[in-house]
Amino acid sequence: MSEKLLMKGNEVIAEAALRAGCKHYFGYPITPQTEVAHYMAKKMPEINGTFVQAESEVAAINMVYGAAAAGARVLTSSSSPGISLKQEGISYIAGAELPCVIVNIVRCGPGLGGILPAQCDYFQAVKGGGHGDYKMVVLAPSSVQELYELTVESFNIADRYRICTMIMGDGMLGQMMEAVEFKAREEIYHDDKKWATTGTKMQRESNNVTSIYINPEVLEKHNLKLQAKYRQIEQNEVRVETYNCENADIIVTAYGTVARIIKNVIKSAEKEGIKVGLIRPVTLWPFPTAAFEKYAETPKAFLSVELSAGQMVEDVRLAVNGKCPVHFYGRMGGMVPSQKEILNKIKEILK
Amino acid sequence: MKQLELIIAGFGGQGILSAGRLLAYAGMLEGKYVSWLPSYGPEMRGGTANCSVVISDEPVGSPILDTANVLVVMNGPSLEKFEKVVEPDGLIISDSSLVEAKPKRTDIDFSGVPATQIASDMGNLTYANIIILGKLLAKTGIVSRESFETALKKVLPAKKHHMIPEEMKALNLGHDY
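Listed in order, the protein sequences are those of chains U and W. Residue 76 in this note's numbering sits at position 76 of the first sequence, and the numbers go up by one each step. Residue 1104 in this note's numbering sits at position 104 of the second sequence, and the numbers go up by one each step.
The structure is reproduced here in structure tokens:
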């Protein structure tokens, strides 16, 4: 480990991508993640990389498709309305099995909405915002240090499975500064990417990267292959933090920055004799179902706290599978719940 | 003080965000857990600015502060807006050159430092934020002046390092006011 630095979340994403060997960034500015692009604009020329501020988000995601098809490690970043524009490209990337990393520093919607923190893009990220039966690996860091570690890992996961991975945070995480320690050397998964369209030099058969399969038998086979890959990811890539769950009166589930608020709530609840546990999904897809199954019968209730109208709570209900009541508390529009209001909700449920 | 939960607020351009950042950096240099969160709402352009800083012996939970144990205000509207979030027995420090009003609360400790006036006497208004941080260090002891000086070296670009002695002079004037 090297010395500790105090850095903004958004800058750490960019630095982590560079350390993971990403040499190409395509994007279009939007608050609250523009610092990612700023950082890349400064650094990419120094390493002979590519920084392009595209004419739109649609153009940027298709540039990502191109770079990924050529076998490069590539990043794009945006925030909610921009991510909506990228959905067509994401579906094509999924169909063509291209590895890439997309950052969504979520803002509150719908529409242009506002720029403050939100988690209202959960459905879009984990259920498939674009068309077709596809999945993205979705990682939800809750600290600047974790933002760094998961950004590096997101490139490894992308290459290992030829899949699109998404880093999902919010403006709070992107804008905040915390201490971060970079490793002297990153562990990078190396893949020779024999499938990439790098030019045959007349020495091999040409590679074809595409998402079009007109023949239904061939397309079904392609889909079955994708699904098999997704099942494998569900086996191997689940990440979750469980905290204080043994014999908890209630288990709160929250991801990203909201989970940090819950850790404060756990302390104040303890003073009032209430044991609150936390299940924090780090991968939103694949969802950490097993962690919920393990504790499904211990607490009196589950409570999902989100900056949304209630999205992840649906997956919590599926995972708990009727074995325990599942409650929801959420705020919208950029409002963040206070510790006190969450504690009040817990008390109301346990009454 | 075991854990500082600080809100610094004032006008954009008064060095509100950089004051918070310097303090967080100094805390980090002392091996503490720190977070710094700026207001990034649309009100930032030409209007008010504030940031939340946590310096703690334990990992920082939420970087958003529902309540603060120290509030630094460098303009009148900020006192009005944030006075109510200060915990009982908390501390409010104001730049008394710019904030005429005093807190209405009687359950808190209050210090007024004419930071902008002192900075003006020094010949550089931009030191006001450092002067007021000097008072904060004196009252809370959250970080040492030595760590603050090291933070200045880390945060300021090399071409501004010649200003550090003056910055430290400003810090000491606030500290001893």
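Heads up, the beta-carbon is just placed ideally off N, CA and C, and yes, glycines get one too.
1) Rounded C-beta distance between Y92 of chain U and S56 of chain U? I'm assuming under 8 Å.
2) Name the DSSP beta bridge partners of K8 of chain U, please?
3) Just to confirm the assignment, what range does the beta strand (DSSP E) spanning L53 of chain U have?
4) Counting pairs of beta carbons, one from the region 116-128 of chain U and one from the region 231-238 of chain U, are three or more of them closer than 8 Å?
5) Okay, do the region 130-140 of chain U and the region 68-85 of chain U touch, 3+ Cβ pairs below 8 Å being the bar?
6) What separation, rounded to the nearest whole angstrom, lies between the Cα atoms of N223 of chain U and I163 of chain U?
7) Looking at the secondary structure, which residues open and close the alpha helix (DSSP H) in which A1024 of chain W lies?
8) Is DSSP giving H38 of chain U helix, strand or coil here?
9) Classify G1047 of chain W as helix, strand or coil using the three-state DSSP reduction.
10) For M1122 of chain W, which of helix, strand or coil comes out of DSSP?
11) Determine contact between the region 203-211 of chain U and the region 308-325 of chain U, defined as no fewer than three beta-carbon pairs at a distance below 8 Å.
12) By alpha-carbon positions, which one of U:A248, U:Q53, U:G333 and U:P99 ends up nearest to N156 of chain U?
13) Is it the case that the Cβ atoms of G1027 of chain W and V1143 of chain W are separated by a distance below 8 Å?
14) Should T1048 of chain W go down as buried or exposed, given a rule of 16 or more other Cβ atoms within 10 Å for buried?
15) Out of W:N1124, W:I1118, W:S1039 and W:D1176, point me to the one whose CA is closest to S1096 of chain W's CA.
16) Drop a sphere of 10 angstroms on the beta-carbon of R185 of chain U, count the other beta-carbons inside from all chains shown, and report buried for 16 or more, exposed for fewer.
17) Counting contacts by CB-CB distance shorter than 8 Å, is A1138 of chain W in contact with chain U?
18) Tell me the rounded alpha-carbon separation between S1094 of chain W and V1072 of chain W.
19) How far does the beta strand (DSSP E) with F155 of chain U in it reach, from first residue to last?
20) Going by beta carbon distance, what residues of the same chain come within less than 8 Å of A259 of chain U, once the five residues before and after it are set aside?
21) For the alpha helix (DSSP H) holding Q235 of chain U, just list the boundary residues, first then last.
22) Suppose the cutoff is 6 Å on Cβ atoms and the five residues either side in sequence are ignored; what does the same chain contact list for Y417 of chain U look like?
23) Step through the CB atoms of chain W and report whether any lies within less than 8 Å of the CB of M335 of chain U.
24) What is the DSSP secondary structure of P117 of chain U, reduced to helix, strand or coil?
25) Residues of the region 163-183 of chain U in Cβ contact with chain W at a cutoff of 7 Å, in chain order, please.
26) Below 6 Å CB to CB, which residues in the same chain sit around I21 of chain U once its five sequence neighbours on both sides are set aside?
27) Taking M1074 of chain W as the reference, which of W:G1141, W:G1020 and W:Q1003 has the closest Cα?
28) Are the beta-carbon atoms belonging to I1064 of chain W and V336 of chain U less than 8 Å from one another?
29) Q1003 of chain W lies in the beta strand (DSSP E); which residues open and close that run?
30) Name the chain W residues whose beta carbon is nearer than 8 Å to that of N264 of chain U?
31) Using the beta-carbon count (16 or more within 10 Å), is S2 of chain U buried or exposed?
32) For N344 of chain U, which three-state DSSP category applies?
33) Would you mind telling me which residues of chain W sit closer than 7 Å to P32 of chain U, beta carbon to beta carbon, in chain order?
34) Cβ closer than 7 Å: which chain U residues qualify as neighbours of Y1025 of chain W?
35) State buried or exposed for T165 of chain U, treating a residue as buried only when at least 16 other CB atoms are found within 10 Å of its CB.
36) Between which two residues does the beta strand (DSSP E) harbouring A1068 of chain W extend?
According to the structure data:
1) Counting from 1 along the first sequence, the entry for residue 92 of chain U is found at position 92. Counting from 1 along the first sequence, the entry for residue 56 of chain U is found at position 56. Not a contact, Cβ separation roughly 16 Å.
2) Here residue 8 of chain U is taken as the residue at index 8 of the first sequence, counted from 1. In DSSP, K8 of chain U forms a bridge with U:M177.
3) Looking up residue 53 of chain U in the first sequence gives position 53. Strictly speaking, residue 53 of chain U in this sequence is Gln, with Leu absent from that position. Element bounds for Q53 of chain U: T50 to Q53.
4) no
5) no
6) Numbered from its first residue, the first sequence carries residue 223 of chain U at position 223. Numbered from its first residue, the first sequence carries residue 163 of chain U at position 163. Approximately 14 Å, taken between the alpha carbons.
7) Within the second sequence, the letter at position 24 stands for residue 1024 of chain W. Taken as a continuous stretch (DSSP letters only), the alpha helix (DSSP H) holding A1024 of chain W covers I1016 to L1029.
8) Counted from its first residue, the first sequence places residue 38 of chain U at position 38. In this structure, H38 of chain U counts as helix in the three-state DSSP scheme.
9) Counted from its first residue, the second sequence places residue 1047 of chain W at position 47. Three-state result, G1047 of chain W: coil.
10) Within the second sequence, the letter at position 122 stands for residue 1122 of chain W. Looking at M1122 of chain W - three-state DSSP - the assignment turns out to be helix.
11) no
12) Locating residue 156 of chain U in the first sequence gives position 156, where the first residue counts as 1. When each option's Cα is compared against that of N156 of chain U, the closest is U:P99.
13) Here the question's residue 1027 of chain W lines up with position 27 in the second sequence. Here the question's residue 1143 of chain W lines up with position 143 in the second sequence. The answer is yes: Cβ separation under 8 Å.
14) Indexing the second sequence from 1 puts residue 1048 of chain W at position 48. Its Cβ being crowded by 16 or more others within 10 Å, T1048 of chain W is buried.
15) Here residue 1096 of chain W refers to the residue found at position 96 when the second sequence is read from its first residue. If we check each option's Cα against that of S1096 of chain W, W:I1118 comes out closest.
16) Residue mapping note: residue 185 of chain U aligns to position 185 of the first sequence, counting from 1. Answer is exposed; the Cβ neighbour count stays below 16.
17) Start at 1 with the first residue of the second sequence, and residue 1138 of chain W comes out as number 138. Chain U, which has no Cβ nearer than 8 Å to the Cβ of A1138 of chain W, makes this no.
18) Locating residue 1094 of chain W in the second sequence gives position 94, where the first residue counts as 1. Locating residue 1072 of chain W in the second sequence gives position 72, where the first residue counts as 1. Computed Cα separation, rounded: 6 Å.
19) Numbered from its first residue, the first sequence carries residue 155 of chain U at position 155. Careful: F155 of chain U lies outside any beta strand (DSSP E), inside the alpha helix (DSSP H) at V144 to Y161.
20) Reading the first sequence from its first residue, position 259 is the one you call residue 259 of chain U. Cβ within range, chain order: S142, E241, L278 and R280.
21) One-based indexing of the first sequence puts residue 235 of chain U at position 235. Taken as a continuous stretch (DSSP letters only), the alpha helix (DSSP H) holding Q235 of chain U covers P216 to N236.
22) Because chain U in this structure spans residues 1 to 351, residue 417 of chain U falls outside the shown range and cannot be described.
23) The residue given as residue 335 of chain U occupies position 335 in the first sequence. Cβ-Cβ to chain W under 8 Å: no for M335 of chain U.
24) Within the first sequence, numbered from 1, the residue matching residue 117 of chain U stands at position 117. The answer is strand: DSSP assigns P117 of chain U an E or B state.
25) G171, M172, Q175, M176, M177, E178 and A179
26) On the first sequence, residue 21 of chain U is found 21 positions in, with the first residue counted as 1. Note that residue 21 of chain U is Gly in the sequence shown, not Ile. Taken in chain order, the residues that qualify are R73 and I188.
27) The residue labelled residue 1074 of chain W in the question sits at position 74 within the second sequence. For the residues W:G1141, W:G1020 and W:Q1003, the minimum Cα distance to M1074 of chain W belongs to W:G1020.
28) In the second sequence, counting from the first residue as 1, residue 1064 of chain W sits at position 64. In the first sequence, counting from the first residue as 1, residue 336 of chain U sits at position 336. Yes, Cβ-Cβ distance for I1064 of chain W and V336 of chain U is below 8 Å.
29) In the second sequence, the residue the question calls residue 1003 of chain W occupies position 3. Run containing Q1003 of chain W: Q1003 to F1011, per the beta strand (DSSP E) assignment.
30) Locating residue 264 of chain U in the first sequence gives position 264, counting from the first residue. In chain order: G1061 and S1062.
31) As a working mapping, residue 2 of chain U is identified with position 2 in the first sequence. When all chains shown are included, S2 of chain U counts as exposed.
32) To locate residue 344 of chain U, count along the first sequence from 1; it is residue 344. In the structure shown, N344 of chain U sits in a helix (DSSP, three-state: H, G or I).
33) Locating residue 32 of chain U in the first sequence gives position 32, where the first residue counts as 1. Y1040, listed in chain order.
34) Indexing the second sequence from 1 puts residue 1025 of chain W at position 25. The answer, in chain order, is L6.
35) The count along the first sequence starts at 1 and reaches residue 165 of chain U at position 165. With 16 or more other Cβ atoms within 10 Å, it is buried.
36) The sequence position of residue 1068 of chain W within the second sequence is 68, counting from 1. A1068 to V1073 is the extent of the beta strand (DSSP E) around A1068 of chain W.
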